[in-house]
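Right, one structure below, let's go through it.
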């Protein structure tokens, strides 16, 4: 194998490891409460008056 092929393999493996890390982080129970709070923020801010002044 030449250097270019080995570099492609290393980059592919590292990319897959980073992908798995992001998946574990996103679906971990530790982050569930903060993600739920951020998901509900859209609905909680709906009743606030708009900041644009209409004249």
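Numbering (my numbering), first residue to last: 83 to 137. Cβ coordinates follow ideal geometry from the N, Cα and C atoms, glycine included. On a predicted model such as this, the values are computed, not experimentally measured, just so you know.
For residue 116, the enclosing alpha helix (DSSP H) begins and ends at 114-126. Between residue 125 and residue 110, the alpha-carbon positions lie close to 24 Å from each other.
Rounded to whole angstroms, the gap between the alpha carbons of residue 119 and residue 98 is 29 Å.
For residue 106, the secondary structure class from DSSP, reduced to helix, strand or coil, is helix. Cβ contact annotation for residue 113 (same chain, cutoff 8 Å, sequence separation greater than five): 107, in chain order.
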